[in-house]
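Residue numbers (this note's numbering): 710 to 1541. These notes are about the structure you will find just below.
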């Protein structure tokens, strides 16, 4: 079971009365065998009151468990701030039965985005338990903002169950917000009808859960048939969207059924079931009597339920009436205001989300007379139609096409109304609803728009549009009344004013207290300010070369102006789109820096390798990066790209920066010790040729390294360079080429081909001294400190190769990679 996180906009009353949160439960009696129980998870539900909380106010978190917890012990909740990992600990302020309330407050240093980490409590055996709340798929978070800041339109990053709709209006479970349809622009100044009336049809049971079985039929199959017939009838009504929680023989969890309704913005929910247990007839379970938490839902359910039962009675089913019950197990459960909760899960959870819901039992599967009706597809079609007609009647749905009205623009004292065209309409009437009736502006509008004038800013208005079709005006219900508040929409302009910068300006709105400026990005609004007191605003750090869309809203009388796509203004800032990179080489590394690219989300850094690129990072958030693990004395080509508006910047050869790392110096004090040289030799796995070098002054590898160290120091050459070169040239003193071990020629001096043996020296020390002097000839102009024993010293152009890498093509021909093979051993040695 995925742990659920609920996020609500406000937590108005009863916080000290512990919150009821959705659980898997079912009341007794003669109801059908609806799904019940939990799957063993310790956490039932987590409630986060606000997506955003301001310093000085309180965030409320409720954790509901699937077992009773000891109220004598306080619980501990841990939250972690993103970025620096700051952990805050909070103690529960109220514990009742299986739920705990935490009241979170924050100081001025605690702004940021927080995630729930874990909750610690004592179970029934007094054992301390810690439950993680931050797994990859179970995550709840909220934003703590500075005092004085207002609500933010940007995405908060809070995760919850997400469902989408397929082409047939059926539910598709979507994994995460990233797969969900982008949020469309929504008005902050709401109206009561700007879209479809959404009805969710829930065919109970399914899949591995057949429900009740009897008289040769299965409940889950009958439920689905009735739901499909109901859907067929409801879709004959205009402005209705029907969503099925399942449209095949699959199992859907109880909580998921109500979550589907919540995420679809449902206006009504009906669950289809068949009863069992020895009775006969139909009954409808409705929301219980409740004086505070959505009290009207009881009346809604009772009215629709009785209408359904009246129609089902005509089909031969006994009328068992409407029924309701409260959840009383384990001490009961409660809604956020402390009022008792409904027993049935789908009714309870839908009511929690503000959706009226009913559950219809269409007869008893184990009563032969009822089962005979349920076996008749014509009767099932009549049942589905009866359910649909009762819903349509109560909510004033109509099979007659009606105009759907919205406000396309608001100016000082004026509202532009637009509406959907009605097929066959000859003209339209536009009226204002008043306390005494309707004031008609026109009966003869032949367009699908009309401007109402003479209004007052900040006032609420209700409008009705009717179509004249086939000699009569279309009927209407309360759903057809369009309500809005006249808050003029600023008529904004925008222009590019610099590198990554645009400036917006607009005419003043009468009575405006403040203006909000936001950018529309990827289906969401990112707010720059909610408190602009001027009529201009400059937005900077935008991605150059891309079109940006902006919205300006006015706040009048505490309310924000409505808006839609037509209110967006667009501009394309000009300036740098690619990083201009500088490189500073260092020992086996290169430090890259660049000027920030306006609007860049992050940067990628890569190095050319052959005909392609090797990337160091795709996620550099600053304007510098140090590439390490490089070879000294080597030329590299680097590229930095910026990610702007979801795209990486293009590049050409002019964007590639070339740099050569410094080589490994031959001259200088030694960095390696005798022990490190010895350890490197042993690590090679080769055997030291003691029989050859004992009579020549070096009985052991330790003796050999001691001589290396002394002779290097005598001429100012690094011992690690001399030793590593000797190992490369001799194959770890194993030789095997034209030079023999007995020659004590450890640098291949004079061995100009495979057939030339080269120079010979009387002992190890003189051989190493000659090699040191040859290195010094290449790397320095300084005179020798010992008498010259290098037979080829005079052939070297002095100081032509100060680094090991410079020996490529000089000491060894052609010598590609020769110096690097030596420095590789040097690096290994220094790391021992």
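Glycine is no exception: its CB is placed at the ideal position from the N, C-alpha and C atoms.
Around the C-beta of residue i, are 16 or more other C-beta atoms found within 10 angstroms, so that it is buried, or is it exposed?
{"i": "residue 1250", "result": "exposed"}
{"i": "residue 1522", "result": "exposed"}
{"i": "residue 1045", "result": "buried"}
{"i": "residue 1330", "result": "exposed"}
{"i": "residue 838", "result": "exposed"}
{"i": "residue 1443", "result": "exposed"}
{"i": "residue 1278", "result": "buried"}
{"i": "residue 1535", "result": "buried"}
{"i": "residue 791", "result": "exposed"}
{"i": "residue 745", "result": "The predicted model places residue 745 with a pLDDT of 35, which falls under 50 and marks its position as unreliable; any figure quoted below should be read in that light. Residue 745 should be labelled exposed."}
{"i": "residue 1503", "result": "exposed"}
{"i": "residue 818", "result": "exposed"}
{"i": "residue 1427", "result": "buried"}
{"i": "residue 1527", "result": "buried"}
{"i": "residue 881", "result": "Note that residue 881 has pLDDT 35, beneath the 50 cutoff, so the model's placement of it is unreliable and no number is given."}
{"i": "residue 1402", "result": "buried"}
{"i": "residue 1032", "result": "buried"}
{"i": "residue 1084", "result": "exposed"}
{"i": "residue 1539", "result": "exposed"}
{"i": "residue 1531", "result": "buried"}
{"i": "residue 952", "result": "buried"}
{"i": "residue 773", "result": "buried"}
{"i": "residue 890", "result": "At residue 890 the pLDDT is 26, less than 50, meaning the model places this residue with poor confidence; the figure from the coordinates comes in the next sentence. When all chains shown are included, residue 890 counts as exposed."}
{"i": "residue 841", "result": "exposed"}
{"i": "residue 931", "result": "buried"}
{"i": "residue 1471", "result": "exposed"}
{"i": "residue 1404", "result": "exposed"}
{"i": "residue 1476", "result": "buried"}
What does DSSP give as the partner residue(s) for residue i in the beta ladder?
{"i": "residue 824", "result": "789 and 850"}
{"i": "residue 1417", "result": "According to DSSP, residue 1417 bridges with nothing at all."}
{"i": "residue 768", "result": "813"}
{"i": "residue 914", "result": "DSSP lists no partner for residue 914."}
{"i": "residue 1036", "result": "The partner list for residue 1036 (beta bridge, DSSP) is empty, contrary to what the question assumes."}
{"i": "residue 1173", "result": "1140"}
{"i": "residue 1118", "result": "1125"}
{"i": "residue 1282", "result": "DSSP output for residue 1282 lists no bridge partner at all."}
{"i": "residue 1405", "result": "Per DSSP, none; premise fails for residue 1405."}
{"i": "residue 1213", "result": "1203 and 1246"}
{"i": "residue 1263", "result": "1224"}
{"i": "residue 964", "result": "DSSP lists no partner for residue 964."}
{"i": "residue 1208", "result": "1283"}
{"i": "residue 1269", "result": "1264"}
How many whole angstroms separate the CB atoms of residue i and residue j, which I take to be in contact at a CB cut-off of 8 angstroms?
{"i": "residue 815", "j": "residue 757", "result": "With 8 angstroms as the limit, residue 815 and residue 757 do not qualify as a contact, their Cβ atoms being about 14 angstroms apart."}
{"i": "residue 977", "j": "residue 1060", "result": "In fact, because the Cβ distance is near 12 angstroms, the residues do not count as touching under 8 angstroms."}
{"i": "residue 1228", "j": "residue 1257", "result": "6 angstroms"}
{"i": "residue 1386", "j": "residue 1432", "result": "5 angstroms"}
{"i": "residue 915", "j": "residue 958", "result": "6 angstroms"}
{"i": "residue 1413", "j": "residue 1473", "result": "6 angstroms"}
{"i": "residue 1490", "j": "residue 1508", "result": "5 angstroms"}
{"i": "residue 1308", "j": "residue 1253", "result": "7 angstroms"}
{"i": "residue 798", "j": "residue 769", "result": "Contact doesn't hold; Cβ gap of about 17 angstroms is too wide."}
For residue i, verify whether its CB is less than 7 angstroms away from any heavy atom of the ligand SAM.
{"i": "residue 816", "result": "Among the components of this structure there are no ligands whatsoever, and the ligand SAM is therefore not found."}
Exercise. Are the segment 1409 to 1420 and the segment 1334 to 1353 touching, with three or more C-beta to C-beta distances below 8 angstroms?
Worked result: Cβ pair count under 8 angstroms is below three, so no.
For this session: Determine contact between the segment 1050 to 1057 and the segment 977 to 995, defined as no fewer than three beta-carbon pairs at a distance below 8 angstroms.
Result: yes
Problem set entry | Those runs of the alpha helix (DSSP H) which lie wholly inside the segment 1461 to 1518 and span at least 4 residues | List check, alpha helix (DSSP H) in window: 1473 to 1488.
For this session: Evaluate the contact criterion for the segment 1227 to 1246 versus the segment 1162 to 1171: three or more CB pairs, one atom per stretch, below 8 angstroms.
Result: no
Exercise. Between the segment 1260 to 1271 and the segment 1216 to 1236, are three or more C-beta pairs nearer than 8 angstroms?
Worked result: yes
For this session: List in chain order: all unbroken beta strand (DSSP E) runs of 3+ residues lying wholly within the segment 987 to 1070.
Result: 991 to 994 and 1028 to 1032
Problem set entry | beta strand (DSSP E) runs contained entirely in the segment 1220 to 1255, provided each spans 3 or more residues | Fully enclosed beta strand (DSSP E) runs of 3 or longer: 1221 to 1230, 1233 to 1241 and 1245 to 1248.
Problem set entry | Any 3 or more C-beta pairs closer than 8 angstroms across the segment 1083 to 1094 and the segment 938 to 951 | yes
For this session: Evaluate the contact criterion for the segment 1119 to 1133 versus the segment 1202 to 1213: three or more CB pairs, one atom per stretch, below 8 angstroms.
Result: no
Problem set entry | Validate contact between the segment 1006 to 1017 and the segment 1074 to 1083 using beta carbons, cut 8 angstroms, 3 pairs | no
Exercise. Quick one: any contact between the segment 1280 to 1297 and the segment 1366 to 1373, if contact means 3 or more CB pairs under 8 angstroms?
Worked result: yes
Exercise. How do the segment 1018 to 1036 and the segment 957 to 975 stand: do at least 3 beta-carbon pairs fall below 8 angstroms, yes or no?
Worked result: no
Exercise. At which residue ranges does the segment 1317 to 1397 contain complete alpha helix (DSSP H) runs of 4 or more residues, listed in the order of the chain?
Worked result: 1383 to 1393
For this session: Scan the segment 924 to 955 and note each continuous alpha helix (DSSP H) run of 4 residues or more that stays entirely inside, going in chain order.
Result: 928 to 943
Problem set entry | Validate contact between the segment 1347 to 1354 and the segment 1308 to 1318 using beta carbons, cut 8 angstroms, 3 pairs | Yes, they touch.
Exercise. Would you call the segment 1182 to 1200 and the segment 1106 to 1114 in contact, with 3 or more CB pairs under 8 angstroms?
Worked result: yes
For this session: Inspect the CB distances between the segment 1468 to 1482 and the segment 1359 to 1366 and report whether three or more fall short of 8 angstroms.
Result: no
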